[in-house]
Amino acid sequence: MSSLVETTMYQISQIFLLPTLGLIAILFLYAFWVLGEFGVLAWLRRSGGGRPLLAVFRARPALGVDELDVLAHKQLEAARITSRVTPMLGLVATMIPMGPALKSLSDGNLAKVSDNLTVAFSAVILALIAASITYWVVNVRRRWLAEELLEIEELREELRQSLRGAAPAGGAA
C-alpha cells in the first residue's frame, strides 16, 4: 500500500514539471516586460510626465484617497504577485527533477543525474531572476505612487484654499 501511495505521488508530481517550467518561462519574459515599462515610466518621469495616478486625479478630481489607493495597488498587483510566486515555482521546478536525479544516482546513471540537475537549477535561476526584477520594480513604483498620492493631497489642499479664498467675505444675508 505504501509503495502505491509513493508511486502515485511521484507520478502526480511529474505531471507538474512541464506546466511549472512553462509558467517560469512566461513569468521570466513578463519580468522583462515589466522592466521595459519601468524604464519608459522612469524616462517619462524625468521629463515631467509618467505619473499615472496624477493623470487619473486630474481627469476625475472627485476620486477619494481610498479609490486612488486601490488604483495604485491595481497597477502593482501583477508584478507584485510575480515577485512572490516565481520563487515558489522555482522551488517546485527544482524539487520535481530531484527525485529522478537521486534515483539515477543510485542506479549509477550519471548522465541522467546531470540532465535532471540541469533542468532543476536552470529553472530556479530563471525564476529568481524574474522575481528579483519584479521585486525591485514593484518597490520603486510603490514609492513613486506614494509620492503621487502626496502630490494629489497637496493639490487638493491648494484647491480647498483657493475655494475658501473665492468665498464671499462676511457671508450673504
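Just so we're aligned: 140 in my numbering is position 64 of the sequence shown, and the numbers increase by one with no gaps anywhere. All C-beta atoms in this analysis are idealised placements derived from N, C-alpha and C, irrespective of residue type, glycine included. These numbers were taken from a predicted model, which means no experiment stands behind them.
Identity of the residue in the options nearest residue i by Cα
{"i": "Thr-162", "options": "Tyr-211, Met-77 and Glu-234", "result": "Tyr-211"}
{"i": "Trp-152", "options": "Arg-217, Ile-88 and Val-81", "result": "Per the sequence presented here, residue 152 reads as Leu, with Trp not at that position. The shortest C-alpha separation from Leu-152 is found at Arg-217."}
{"i": "Leu-225", "options": "Glu-143, Ile-172 and Ala-118", "result": "Glu-143"}
{"i": "Ala-196", "options": "Thr-83, Gln-90 and Glu-82", "result": "Gln-90"}
{"i": "His-149", "options": "Leu-117, Leu-221 and Arg-236", "result": "Leu-221"}
{"i": "Thr-83", "options": "Val-116, Lys-179 and Gly-140", "result": "Lys-179"}
Own chain residues within Cβ distance below 6 Å of residue i, not counting five before or after
{"i": "Val-110", "result": "Ala-155, Thr-210 and Val-213"}
{"i": "Ala-177", "result": "Val-189, Asn-192 and Leu-193"}
{"i": "Gln-237", "result": "none"}
Unbroken alpha helix (DSSP H) run spanning residue i, endpoints
{"i": "Phe-197", "result": "186-242"}
{"i": "Met-174", "result": "141-183"}
{"i": "Ser-89", "result": "78-91"}
{"i": "Pro-128", "result": "128-135"}
Nearest-angstrom Cα separation, counted from residue j out to residue i
{"i": "Leu-202", "j": "Tyr-86", "result": "24 Å"}
{"i": "Val-189", "j": "Pro-128", "result": "50 Å"}
{"i": "Arg-219", "j": "Met-77", "result": "55 Å"}
{"i": "Val-168", "j": "Met-174", "result": "10 Å"}
{"i": "Leu-181", "j": "Leu-103", "result": "31 Å"}
{"i": "Ala-138", "j": "Arg-232", "result": "10 Å"}
{"i": "Thr-158", "j": "Asp-183", "result": "38 Å"}
{"i": "Gly-125", "j": "Leu-204", "result": "32 Å"}
{"i": "Ile-88", "j": "Glu-113", "result": "38 Å"}
{"i": "Leu-239", "j": "Arg-136", "result": "18 Å"}
{"i": "Leu-52", "j": "Pro-95", "result": "Past the edges of the chain, shown from 77 to 249, lies residue 52, and the structure says nothing about it."}
Contacting residues, own chain, Cβ-Cβ under 7 Å from residue i (five flanking each side not counted)
{"i": "Leu-147", "result": "Leu-129 and Val-132"}
{"i": "Ala-199", "result": "Leu-97, Ile-100, Gly-166, Ala-169 and Thr-170"}
{"i": "Ile-228", "result": "Leu-129, Leu-130, Phe-133 and Leu-144"}
{"i": "Ala-249", "result": "Because Ala-249 sits at a pLDDT of 45, beneath the cut-off of 50, its placement in the model cannot be relied upon, and the point is left open."}
Distance between beta carbons of residue j and residue i, contact taken as under 8 Å
{"i": "Leu-93", "j": "Ile-172", "result": "5 Å"}
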